[in-house]
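These notes are about the structure you will find just below.
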Amino acid sequence: MMRIGIGNDHAAVEMKNEIKAYLEGKGYEVINYGTDTKESFNYALSGEAVGNAVVNKDVDLGICICGTGIGIGIAACKVNGVRTCTCSEPVSAHLSRLHNDSNVLCFGARIVGMETAKAICDAWLDTTFEGGRHQARIDYITSIEGKQK
Ligand code: RB5
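Residue 115 in this note's numbering sits at position 110 of the sequence shown, with consecutive numbering throughout.
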């Protein structure tokens, strides 16, 4: 069974709950790394937690939701080994798996509706990395991490 880590801030509690239930209904195990209350919550904490869960292999893939999907995605992508994509439609989500081997999907609860969010998740989870010519590009991206002080 594929394990998915899900993270969110206060702006995305409802969407997190609905996406979690939706994915569980499809047979995924979904582990919650987000907040469950509407109290102001720093999205970076949750993005970092999901990113760490992915690179430590506690989960296979991560999904991060905040108001826009941008802040939580920036935070998750600071974890070495994480490749985020912030998507507002399914085509980009599909291509981010196919070409970029994205391992954390992000979207915004204030940007996309629930049905679009589900379609984005479906497109992303139903796609695997194509490898081939894309692998060298991913390897180069990974090498950038080693150049940081
Ligand atoms: C919270 O108000 C909001 O800034 C956050 O959810 C997110 O949109 C940040 O990128």
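All residues carry an ideal CB built from backbone N, CA and C; glycine is no exception.
Quantities reported herein were computed from a predicted structural model and do not represent experimental measurements.
- Unbroken alpha helix (DSSP H) stretches of 4 residues or longer found wholly inside the stretch 43-131: 48-60, 76-82, 95-103 and 119-130, given in chain order.
- With contacts defined as CB atoms closer than 8 Å, Gly113 and Gly67 fail to qualify as a contacting pair.
- If you ignore the 5 residues before and after Asp65, its C-beta comes within less than 6 Å of the C-beta of Met7 and Arg8, all in its own chain and listed in chain order.
- Closest in C-alpha terms to Asn22, from the list Lys31, Gly39 and Gly32, comes Gly39.
- By the CB criterion at 8 Å, Gly72 and Thr91 fall outside the cutoff.
- Taking C-beta atoms as the reference points, Gly86 and Ala49 fail to come closer than 8 Å.
- Within the same chain, and ignoring the five residues on either side of Gly56 in sequence, the residues whose Cβ sits closer than 6 Å to its Cβ are Ala81, Val84 and Val87.
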